[in-house]
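See structure below.
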Amino acid sequence: MSAITTTSGSPLTGQCSVPGDKSISHRAVIFGSIAEGKTTVRNFLDGHDCRATVGVMRALGVEIEVLNPTELIVQGRGIDGLQEPADVLNCANSGTTMRLLTGLLAGQQFASFLTGTAQLRRRPMARIVNPLKGMGADIMGRQNGNYAPLGIRPARLRSVEYEMPMASAQVKSSVLLAGLYAKGLTIVREPGPTRDHTERLLRAMAAPVDVIGNTVLIERPTSPLQGIDLTVPGDLSSAAFLLVAAAVIPDSRITIAGVGVNPTRTGIVDALLEMGAQIRFLHEREEAGEPVADIEVRYSNLRAATFGGPGIVTMIDELMVLAVAATQARGRTVIKDAAELRVKETDRIASTVGELRKMGAKIEPTSDGFIVDGPTELKGAPVESQEDHRLAMAMTVAGLVAKGDTTVYGSEVMADSFPGFEMTLQALGATLRVES
Ligand code: S3P
């Protein structure tokens, strides 16, 4: 087990970049596998979760060449080219891998079994299993299909018109992938805008996908999906830890180059701006159908605010580090309508409250979020990652602003989504040491 010990007092300054976007990296490998021709993926996220997707696609017969850890060539096998796997497919800790691949595998003419870590096997799967069964999929799992391991039998799917009960890009993407194998037009309606990387990338590969407001339509392609050459933008969810760190550590000023700023993901930037942070997008451009910018952020005195409603989904992975920002903001910050946090890698409401309180934060859990009073002078303390990458990074940021040293135990889990997080912080001037 590794641990990171942080010491406060050093401002963050300079330029940096963050690894490739996790959501887009998964999708590039999965969609590239069922396209024709090769898909070259640059700035691929070489983290544990995306490696799990590569492992599963290889087990399905796809040749994936790793030119260097962040550059892959996926030799597409075409829409019907996947092969029956010889063993159970291991999704490790990755919910995106399991949920998207269940959708992809539901309409194959071979059987497959998906499993993962104990943590993943505790996460709800009925949200994808039920709509897929509605399309004719034959899927089994523990507790009536709600928990992995999942077993998928061959099936011929029919299209569905599916009204999503919750705002989840994983559910949407799972049904859309099944829709590529279904007879007829599959229609998915979402209650609010969730990340749309599936739609953008499938469209870039010439798949028959249309978006009208909050409705996505897809059908079985009549001509092959086209392999493409793409550079994955930097992950805003990873950049969020640096944005908050620079916003709360006095005298900080940093620029994070090449970050994806898809509007379905930028809730954290809007939230920090509302709290008075100084953030600017520079050199806005487009890469692989996705908006990208360099993001500049400076230290500011933050003030509290209330966050909830449909915008919450656009910052769902950033709410833990937003809670850290709230401990440094003047007044009461309320985060609500975020009950989804309870079924992430950890129950992120309970885990964030539990760990931040060890540092003296004034944070109360609610059924669907947190209430944070600030500003509080956090006190350095030993804290735990609870095997949740985003909790580990949020606590590291809290440690950088706390008085005294903070040790985050179990910090190796950060590499699920942000390999090199510690080095990036060190290069910006943070004082921290890593013990393994
Ligand atoms: C993701 C969607 C979100 C997000 C997760 C990645 C994706 O999950 O929290 O980290 O790549 O589609 P939900 O779909 O469960 O909201």
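Here the sequence shown is numbered in this note's numbering, starting from 141 and rising by one per residue. Every residue, glycine too, gets a C-beta built ideally from N, C-alpha and C. Just so we're clear, the structure is a prediction, and the values are computed from it rather than from any experiment.
query                                                                                                : result
Boundaries of the alpha helix (DSSP H) in which residue 535 is found, first to last residue          : 529-541
Through-space distance from residue 444 to residue 471, alpha-carbon basis                           : 5 Å
CA nearest to the CA of residue 570, picked from 143, 452, 149                                       : 149
Paired residues, beta bridge with residue 473 - DSSP                                                 : 512
DSSP three-state assignment for residue 280, whether helix, strand or coil                           : strand
Beta-carbon separation (whole angstroms), residue 392 vs residue 386, contact threshold 8 Å          : 4 Å
Euclidean distance between Cα positions of residue 538 and residue 560                               : 18 Å
Beta-carbon proximity list for residue 180, same chain, < 6 Å, skipping 5 on both sides              : 213, 369
Limits of the unbroken alpha helix (DSSP H) element including residue 191                            : 188-199
Cα-Cα separation between residue 575 and residue 200, rounded to whole angstroms                     : 37 Å
Residue of 572, 556, 534 minimising C-alpha distance to residue 545                                  : 572
Beta carbon of residue 522 nearer than 7 Å to that of residue 506                                    : no
Collapsed DSSP secondary structure at residue 258 in the structure displayed                         : helix
Coarse secondary structure for residue 434, derived from DSSP in three states                        : strand
Local Cβ density within 10 Å of residue 350, reported as buried at 16 or more and exposed below that : exposed
8 Å contact criterion, which residue 465 and residue 388 should meet: CB distance rounded            : 6 Å
Presumed contact (8 Å Cβ cut-off) between residue 410 and residue 449, rounded CB distance           : About 12 Å separates the two Cβ atoms, so there is no contact after all.
Exposed unless 16 or more other CB atoms sit within 10 angstroms - verdict on residue 220            : exposed
beta-carbon residue 242 near the ligand S3P non-hydrogen atom, thresh 6 Å                            : no
Nearest-angstrom Cα separation, counted from residue 305 out to residue 190                          : 27 Å
Check: residue 268 C-beta below 6 Å from any heavy atom of the ligand S3P                            : no
Residues that DSSP places opposite residue 381 in a beta bridge                                      : DSSP, once it has assigned bridges, lists no residue as partnering residue 381.
Residue 457 beta carbon near the ligand S3P (any heavy atom closer than 6 Å)                         : yes
Through-space distance from residue 161 to residue 430, alpha-carbon basis                           : 11 Å
Run of the beta strand (DSSP E) containing residue 522, from where it starts to where it stops       : 522-524
Coil, strand or helix - residue 362 by DSSP                                                          : coil
Paired residues, beta bridge with residue 439 - DSSP                                                 : Residue 439 is not bridged to any residue.
Residues that residue 350 bridges to, as DSSP identifies them                                        : 357
Delimiting residues of the beta strand (DSSP E) encompassing residue 180                             : 176-182
For residue 236 and residue 177, the rounded distance between their alpha carbons                    : 24 Å
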